[in-house]
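In the numbering used here, the protein residues as written are 212 to 517. Backbone N, C-alpha and C define an ideal beta-carbon position, used for all residues, glycine too. If you're wondering where the values come from, they're calculated on a predicted model, not measured in any experiment. Working notes, beginning with the structure itself.
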Amino acid sequence: PYDMLIVGGGPAGAAAAIYAARKGIRTGLVAERFGGQVMDTVGIENFISVPYTEGPKLSASLEQHVRQYGVDIITEQRVAKLTRADQVELDLVSGAKLKSRAVVLATGARWRELNVPGEAEYRTKGVAYCPHCDGPFFKGKKVAVIGGGNSGIEAAIDLAGIVEHVTVVEFADTLRADEVLQKKARSLPNVDIILNAQSTEVLGDGSKVVGLAYKDRSSGEVKQLDLAGIFVQIGLVPNTEWLKESDISLTRFGEIEIDAKGATSMPGVFAAGDATTVPFKQIIISMGSGATAALGAFDYLIRTSV
Ligand code: FAD
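Here you go:
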């Protein structure tokens, strides 16, 4: 059995593993894919003290740093179930069982995709999901934001300060964002909002995005926008479906509820990063919350007997 077992090998899990191992306790890390979402990222310009890096390079450094410590790393394994008896028990899809006195959950999240032709092909070539990450790459260009909820309208307001023009494309006939955000977006001269519009295709020239096709749902007419970028803002889904049967409290969005020390509702189980209620989903924030959760879990361990 481990003293601390981390589930997830993204920035949050890697940080938690290093903080735990440095306490000299038996630490394990189980992950489906080391690096997590960072593996899907091309340019990263907001990882403080590193002006520019790329996802696969940062993932490799994360793994190398974790491997410098005596962490037992188990990859290409998916955890399916968490229960608690005298210790926390994890069941892997492979059938194996792991036990630990404390656990840090850092299973991250995934962006909800539009699932239209061209989206996958032009991902990182104009199709983006994170305005904080990729907004500056579209400086002076025309972009669309798909989705009129809070994240979509926040993205539109944010991007309007960087890019030439933003078109918000919303499927429904109203925006779901808070009134104050809608008011702000409508006041901006370079933001247009199109309602009742079903995005049907990401248009590209073979190497990059050139536009978006959408169906006007009231007239049935197919229309086109000329664009350099498309920000898809239709939801971030935490990878916590496997915890729904457990006793761990999740929000209605599926985020693991944590306190300021990363503790969940189950004793000995802590959580960090994009899978949790931690505000803002970023690499540097995930790493900080991974460190917090590991220290919180260590605090728990020294207060409980073996
Ligand atoms: P993740 O990175 O999602 O890692 C989750 C880990 O858990 C993975 O190892 C996964 O395999 C594992 N896992 C999940 N479920 C299970 C399970 N059941 N069993 C075992 N393992 C499991 N942020 C920035 O700060 N700057 C950027 O420029 C930037 N660009 C981005 C670009 C893209 C395309 C994307 C998708 C995200 C970007 N982000 C960026 C956001 C950033 O990548 C995330 O905030 C960060 O990776 C979250 O870290 P995490 O460790 O919480 O989760």
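- With contacts defined by Cβ atoms closer than 7 Å, L370 and G346 form a contacting pair.
- For the set L423, A408 and A367, the Cα lying nearest the Cα of R397 is the one of A367.
- When secondary structure is reduced to three states using DSSP, A223 falls in the helix class.
- With a cut-off of 6 Å, the C-beta of K310 is classified as distant from the ligand FAD, since no heavy atom of the ligand falls inside that distance.
- Burial check for F349: the Cβ neighbour count within 10 Å reaches 16 or more, so the residue is buried.
- Going by DSSP, R278 is part of no beta strand (DSSP E) but of the alpha helix (DSSP H) stretching over G266 to R278.
- Shown here for G247: same chain residues with a beta carbon closer than 6 Å to its own, the five before and five after excluded, namely G221 and G319 in chain order.
- Around the beta-carbon of A307, fewer than 16 other beta-carbon atoms lie within 10 Å, marking it exposed.
- Distances taken from the Cβ of Q393 to the heavy atoms of the ligand FAD include none shorter than 6 Å.
- Nearest neighbour of A388 by Cα position, chosen from L454, M250 and I445, turns out to be I445.
- In the displayed model, D470 falls within coil according to three-state DSSP, outside both helix and strand.
- Assignment of beta strand (DSSP E) within the stretch 347-398, counting only whole runs of 3 or more residues, yields 353-357 and 376-380 in chain order.
- The three-state secondary structure of A505, taken from DSSP, is helix.
- Relative to the non-hydrogen atoms of the ligand FAD, the Cβ of N326 never comes closer than 6 Å to any of them.
- Across the set M215, L406 and V290, the C-alpha of V290 shows the shortest separation from the C-alpha of L454.
- In terms of side-chain proximity, the C-beta atom of T252 is found nearer than 6 Å to a non-hydrogen atom of the ligand FAD.
- By the CB criterion at 7 Å, L423 and L399 fall outside the cutoff.
- Within the stretch 301-334, the beta strand (DSSP E) runs of at least 3 residues that lie entirely inside it are, in chain order, 308-316 and 320-322.
- Counting the other CB atoms within 10 Å of its CB gives D470 a total below 16, which places it among the exposed residues.
- At least one heavy atom of the ligand FAD sits closer than 6 Å to the Cβ of I494.
- Burial state of R312 is buried, judged by a 10 Å Cβ sphere holding 16 or more other Cβ atoms.
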